[in-house]
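**Q** Counting from 35, one number per residue, gives the positions in the sequence shown under the working numbering. Backbone N, C-alpha and C fix where the C-beta goes; we use that ideal spot for every residue, glycine too. Below is the structure I would like to discuss, written out as structure tokens.
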Amino acid sequence: MAFDSFDIKPLIRPVIDFPKPGVIFRDITPLFQSPKAMRLVADTFIHRYVEAEFTHIGAMDARGFLIGSVIAYQLNKPLILFRKQGKLPADVLSEGYQTEYGEAFLEVHADSLCEGDSVLMFDDLIATGGTLIAAANLARRMGARIFEAAAIIDLPELGGSQRLEDMGIPTFCLTQFGLTER
35 MAFDSFDIKP LIRPVIDFPK PGVIFRDITP LFQSPKAMRL VADTFIHRYV
85 EAEFTHIGAM DARGFLIGSV IAYQLNKPLI LFRKQGKLPA DVLSEGYQTE
135 YGEAFLEVHA DSLCEGDSVL MFDDLIATGG TLIAAANLAR RMGARIFEAA
185 AIIDLPELGG SQRLEDMGIP TFCLTQFGLT ER
């Protein structure tokens, strides 16, 4: 049987001038509308991490929840939700960060992680790295270490993956786009 190669990149829709002029937003909803593509994405991450040594999966609000929850379920790992400010009901830790659009805050339940835990973090995309860096800082404040930061898409020109690497956090992405690539 021949291997059926499948490229996810054409299923990531470029949305010009969203959310502001000059930005090309990478919309992953068409990717999730394709059962074949969704399975490829999930299976690729599962294959990479099935024998890896980490204790928890962290998922970034909101699109990181889509892939992080699937991988947590498949690998039988606890799922930690890193949420936008004001979305969690119990005691939280909060971390401010800069996005490509302005300032934001990320929160996590203060009892989510413990000393010695190791977290594999998921988001849909690595741009400036702000969200994942904030999540890493929150996890480290609870005594956990970051195993790796994973995403479907990397925008290397914005430097987020390099910022994470400079913090000692390895990154893994399934595909990448140039800033002007359509």
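Enumerate in chain order the residues of its own chain whose CB-to-CB distance from glycine 98 is below 7 Å, with the five nearest sequence positions on each side excluded.
**A** So the qualifying residues of the chain are Phe156, Asp157 and Asp158.
**Q** By the 10 Å Cβ neighbour count, where 16 or more other Cβ atoms means buried, how is glycine 120 classified, buried or exposed?
**A** Glycine 120 should be labelled exposed.
**Q** Can you give me the Cβ contacts of leucine 65 inside the same chain, cut-off strictly under 8 Å, excluding the 5 residues immediately before and after it?
**A** Ile42, Leu45, Ile46, Ala71, Met72, Val75 and Ile186.
**Q** Say whether the segment 129-141 touches the segment 166-175, bearing in mind that this needs 3 or more beta-carbon pairs closer than 8 Å, one atom from each stretch.
**A** Counting Cβ pairs under 8 Å, three or more are found: they touch.
**Q** Run the CB neighbour count on histidine 90, radius 10 Å, all protein chains shown included, and call it buried at 16 or more, exposed below.
**A** So histidine 90 ends up on the buried side.
**Q** Cβ of methionine 176 within 8 Å of Cβ of serine 146?
**A** Closer than 8 Å, so yes.
**Q** Name the DSSP bridge partner or partners of methionine 72?
**A** DSSP, once it has assigned bridges, lists no residue as partnering methionine 72.
**Q** In this structure, what does DSSP give as the bridge partners for valine 142?
**A** According to DSSP, valine 142 bridges with Leu127.
**Q** Using the DSSP secondary-structure output, state which residues sit across from isoleucine 160 in a beta bridge.
**A** In DSSP, isoleucine 160 forms a bridge with Asp188.
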